[in-house]
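Residue 244 in full-length UniProt numbering is what sits at position 244 of the sequence shown, and the numbering runs on without skipping anything. Reviewing the structure listed below.
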Amino acid sequence: MTAVLDTGGATGATATPDQSTPDVALASWPSRAGALVVDVLPGLGVVATCALLALAAPADGAMRWVFTVLLAVTLAAMVLNRVLLPSVIGWTLGRALFGIAVARRTGEPAGLLRLTARELAHVLDTLAVFVGWLWPLWDRRRRTFADLLARTEVRRVPGPERNVRRLVAAVLVGLAVLCAAAAALGYVTSYRHERAVEQANAQIKEQGPRIVEQMLSYGVDTMAQDFAKAQTLTTDGYRPQLVAQQQTVQRAGATTNEYWAVSSAVLPNPPVTPDQASMLLALQGQRGTDPKSLKFITATVRVDFRKIDGQWRVANLTVLKQPQMQPAAGQ
């Protein structure tokens, strides 16, 4: 009796491997995580540093734009590394370091559009409480949610011929230096701005009341000179309004008018900057030349100052409490 052993089924065909089994060339989760750290975290460090420095920089200063441009350039470089570079040469810097690459399920290159869609789909990996990033730990094809949506997978591939470690190290050192330089520049800028604000605050406390006194005071015998002097204490924008008020005073038959500040305070809103400030002043004065008809004056004003060519000038004056005149004692 002869025994017949069935080794190929009825047709004698050989068995084919199960295509659903994980490919041994698939990238491990640690290598993927390491590549992501190299590609993303240093750039995010620069972006976060520049964002904080831009917010802390003076709103009207050039440094805010410098940090904003640096932030935008860093983001653009990260996008180029994660999307354009792998579509051209097959790797990002991080993936080249770990010898892995993104490909379609068929093994073909992913392409620019698919890589872009995959990067955008990583938002789902993050929004799902980072579960998507951990999904490769138990997925048979070691895919994230982004891989599932983009129909991609990450495989182990031969690394580039050039010394990638040296290149990656140079990039990381460069980003670290850039981040440190930006932080140092931001500190110096902030320190100088704070010093300039402190100096402006001290100057306006000292000079503001004197400027207002000179602008509002005039003598009947020196009116032309006093009015001309007052006009030099204002900005170009406010000067026409002051001139109109002076002309009204002249037409009404002016007499000596003298003011002095009895109290003053620098206003916190709007905040003091190196070239602008606002002040609240309580004024007292006297009007007239004849002691028998002399009038005492009280008024409250808000004054906005601007620093032009190193000199503080009145940009606007608002009367909060109209001048109150009282006769001198004994009248």
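Even glycine gets a Cβ: it sits at the ideal position worked out from N, Cα and C. All values reported here derive from a predicted model rather than from experimental measurement.
For residue i and residue j, I'd like the C-alpha separation in whole angstroms.
i	j	result
methionine 63	alanine 183	12 Å
aspartate 236	glutamine 207	19 Å
proline 42	alanine 77	12 Å
residue 401	threonine 116	This structure does not reach residue 401, given that the chain is present from 1 up to 331, and the question cannot be answered.
glycine 174	arginine 313	46 Å
valine 266	lysine 205	7 Å
asparagine 316	alanine 200	18 Å
valine 249	glutamate 194	42 Å
arginine 306	arginine 192	19 Å
leucine 84	serine 31	21 Å
threonine 232	leucine 294	29 Å
glutamate 198	glutamate 213	23 Å
valine 301	glutamate 258	15 Å
alanine 230	leucine 216	7 Å
aspartate 23	alanine 180	For aspartate 23, the predicted model reports a pLDDT of 45, less than 50, meaning its position is unreliable and no value from the coordinates is stated.
isoleucine 297	threonine 289	14 Å
phenylalanine 130	tryptophan 29	14 Å
valine 220	glycine 285	15 Å
leucine 149	asparagine 163	34 Å
Measure the CB-CB distance between residue i and residue j and report whether it falls below 8 Å.
i	j	result
alanine 299	glutamine 322	yes
serine 87	glycine 107	no
valine 168	valine 38	yes
residue 344	arginine 104	As displayed, the chain neither begins before 1 nor continues past 331, which places residue 344 out of reach and without an answer.
alanine 51	leucine 80	no
proline 136	threonine 144	yes
alanine 252	leucine 283	no
proline 291	serine 278	no
glycine 34	glycine 99	no
glycine 186	alanine 57	yes
alanine 196	valine 157	no
glutamine 246	phenylalanine 227	yes
leucine 178	valine 46	yes
arginine 287	threonine 255	yes
leucine 93	valine 171	yes
Based on DSSP bridge pairs, tell me the residues matched to residue i.
i	result
glutamine 311	Ile308
leucine 26	Arg155
proline 109	Ala103
tyrosine 187	Tyrosine 187 is not bridged to any residue.
leucine 216	Note: leucine 216 sits in no beta bridge, so no partner.
serine 87	Paired residues: none, contrary to the question.
arginine 140	Its beta-bridge partners do not exist; DSSP assigns none.
glutamate 303	The question names glutamate, yet the displayed sequence has valine at residue 303. Met279 and Leu317.
alanine 265	Leu280
tyrosine 238	According to DSSP, tyrosine 238 bridges with nothing at all.
threonine 273	Gln276
glutamate 258	Gln286
Please decide whether residue i counts as near chain C, where near means a Cβ-Cβ distance under 8 Å.
i	result
valine 177	As a matter of chain content, chain C is missing from the structure shown, which is built from one protein chain.
Mind reading off the beta-carbon distance from residue i to residue j? Whole number of angstroms is fine, and I expect it under 8 Å.
i	j	result
leucine 280	serine 264	7 Å
arginine 155	leucine 97	Actually they are not in contact, since the Cβ atoms of arginine 155 and leucine 97 sit about 15 Å apart, beyond 8 Å.
glycine 132	proline 109	Glycine 132 to proline 109, Cβ: 23 Å. No contact.
Exposed or buried, residue i, counting other C-beta atoms within 10 Å across all chains shown (16 or more means buried)?
i	result
leucine 120	exposed
arginine 114	buried
leucine 26	buried
leucine 320	exposed
phenylalanine 67	buried
threonine 2	Any reading at threonine 2 must be qualified, since the residue scores a pLDDT of 38, below 50, and its modelled position is unreliable; no value is offered.
tryptophan 65	exposed
proline 209	buried
leucine 44	exposed
threonine 234	buried
tryptophan 138	exposed
arginine 142	buried
threonine 222	exposed
isoleucine 211	buried
threonine 21	Residue confidence for threonine 21 is low, a pLDDT of 43 falling below 50, so the modelled location carries little weight; the figure read from the coordinates is stated next. With fewer than 16 Cβ atoms within 10 Å of its Cβ, threonine 21 is classed as exposed.
proline 240	exposed
proline 274	buried
With respect to 7 Å, is the separation between the Cβ of residue i and the closest non-hydrogen atom of the ligand MN below this value?
i	result
threonine 255	Absence of the ligand MN from the depicted structure is noted, as is the absence of any ligand whatsoever, leaving it without description.
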